[in-house]
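Those letters in the sequence shown? Residues 1 to 95, by UniProt numbering. Ideal placement from N, C-alpha and C gives every residue a C-beta, glycine not left out. The block underneath contains the structure these notes are about, expressed in structure tokens.
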Amino acid sequence: MKFAVESAGIDGVVQPGACIELVKTGFDFTEGPIWHSGEQSLIFSDILGNSIYSWSEAAGLKTLRLNSYMANGNAYDQQGHVVTCEHATSRLTRT
């Protein structure tokens, strides 16, 4: 997969020369990725798909939440719960 580097700051996130691999397709509009270092998993929203997912190399793709009210931004709170911005309801929720 080809991509263009727009900022030198990416070197702090992705090692230079790293291979980018497409692991899943079929989403409508993904956003809000957060990394769970303990589980080595990536949590993200599919806004138009109305769901929140988790992906890891060990477990593959798992659905964390259906009917997410067009969830977009995700973060962790101090207790480690996923906090999500719901676009359709204009509220914050904790998963």
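Determine the DSSP secondary structure at residue i, reduced to helix, strand or coil.
| i | result |
| --- | --- |
| ASP77 | coil |
| ILE10 | helix |
| TYR53 | strand |
Around the Cβ of residue i, are there at least 16 other Cβ atoms within 10 angstroms (buried) or fewer (exposed)?
| i | result |
| --- | --- |
| GLY19 | In the sequence on display, residue 19 carries Cys and not Gly. CYS19 should be labelled exposed. |
| ASP77 | exposed |
| SER37 | exposed |
| ASP28 | exposed |
| SER68 | buried |
| PHE44 | buried |
| THR95 | exposed |
| ASP46 | buried |
| ILE10 | exposed |
May I ask which residues mark the beginning and end of the beta strand (DSSP E) holding residue i?
| i | result |
| --- | --- |
| LYS62 | 60-66 |
| THR89 | Premise fails: THR89 is in no beta strand (DSSP E) and is neither H nor E. |
| THR30 | 30-36 |
| ASP46 | 41-46 |
Could you pull the DSSP bridge partners for residue i from this structure?
| i | result |
| --- | --- |
| ALA71 | GLU86 |
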